[in-house]
Amino acid sequence: MAMSANAKTTVKMLTLAVSMLGFALFIMPPLYDAFCEITGLNGKTGDRYEAVPAAVDTARTVKVQFVASNNENMPWEFKPGVVEMKVHPGEAVDTVFHAYNPTDRNMIGQAIPSLVPFKAASYFHKTECFCFNQQSLAAGETAQLGLRFIVDPDLPPGVNTITLSYTLFDVTERLTKQANNKNTDPEREG
C-alpha cells in the first residue's frame, strides 16, 4: 500500500524535527563551548586561576562592576556586596555577594558568570569564587558568598571598565534527581 503525498511529507517533517532536536541538544552545546573558548566570545570567565606573584600596576585603575540576577525560577534574594570598585591590575581583590533563601524549603543554587567586554574575559582571573560550587541554603538562611579575583596586568589599554554578572539558578530538583538515580542504580547494588 503506497503512502499518500501528505503522509510522506508528514514523515519527512517529523524526521527533520527529530534531527533538529538531536542536533540542538547533543551537537550544538559542545560546539558552542569550543567556539567560546577559541574566540573568547560570550564573556565566559575561566575556571579557578592559580595566582602567581605579579607586579601590581598602580599607575592604572580599572573599574569593575558587579551585577546579580536570578533565573526566573530562582526565588532567592541575590545581590553584590558592592556594585562597583576600582582596582589596580595585578592586585588580588576580595568582595562578596549576598544570598538569602526566603522560602520554607532547603535549596541549592548555582551561579553562572558572564563578563563584558568579551575581550576582557581572558584577563579576569578568579582565584576563589562561589560560582565554582553549588550553594546550599536552608530555609530562611542567609550567606555571604566570597569572590577573589585579579585583573591581569596585560589587560588591553583600551579596557577601563569590566562588568562581571552572575545569574543564579535553582538546581535543587536536578541534583536531587541525580542523587536519587545514583541511589537506585542497579549496577551499584549487589
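Anchor point for the sequence shown: position 106 equals 187 in my numbering, and the numbering is continuous, going up by one each time. Ideal placement from N, C-alpha and C gives every residue a C-beta, glycine not left out.
Tell me the rounded alpha-carbon separation between Ser100 and Ala136. 53 Å
Quick check on Lys89: buried or exposed, where buried means 16 or more other Cβ atoms within 10 Å of its Cβ? exposed
Between the CA atoms of Cys212 and Asp233 - distance to the nearest angstrom: 20 Å
When the Cα atoms are used, what is the spatial distance from Leu97 to Asn87? 15 Å
How is Leu102 classed by DSSP in three states: helix, strand or coil? helix
Can you give the Cα-Cα distance for Leu226 and Gly171, rounded to whole angstroms? 22 Å
Pairs of beta-carbons, one from the stretch 206 to 221 and one from the stretch 175 to 184, closer than 8 Å: are there three or more? yes
Within 10 angstroms of the Cβ of Ala140, are there 16 or more other Cβ atoms? Answer buried if so, exposed if not. exposed
Reduced DSSP secondary structure (H/G/I, E/B, other) of Glu153: coil
I need the straight-line Cα distance from Val197 to Ile243, nearest angstrom please. 6 Å
Kindly list the residues whose CB is nearer than 7 Å to the CB of Val163, restricted to its own chain and excluding five residues on each side of it in sequence; keep chain order. Phe147, Thr176
Measuring alpha carbon to alpha carbon, tell me which residue in Asp235, Tyr247, Pro238, Lys263 is nearest Ile193. Tyr247
Reference Leu228, options Asn214, Lys207, Glu222, closest by Cα: Lys207
What's the C-alpha gap between Thr253 and Ala202? 29 Å
Candidates Lys263, Ala173, Phe159, His169: closest to Gln191 by CA position: Phe159
Just mark Lys151 as buried or exposed, buried being the case when its beta carbon has 16 or more other beta carbons within 10 Å. Note that residue 151 is Asn in the sequence shown here, rather than Lys. Looking at its Cβ environment, which holds 16 or more other Cβ atoms inside 10 Å, Asn151 is buried.
Taking all protein chains shown into account, do 16 or more other C-beta atoms lie within 10 angstroms of the C-beta of Pro161, making it buried, or fewer, making it exposed? buried
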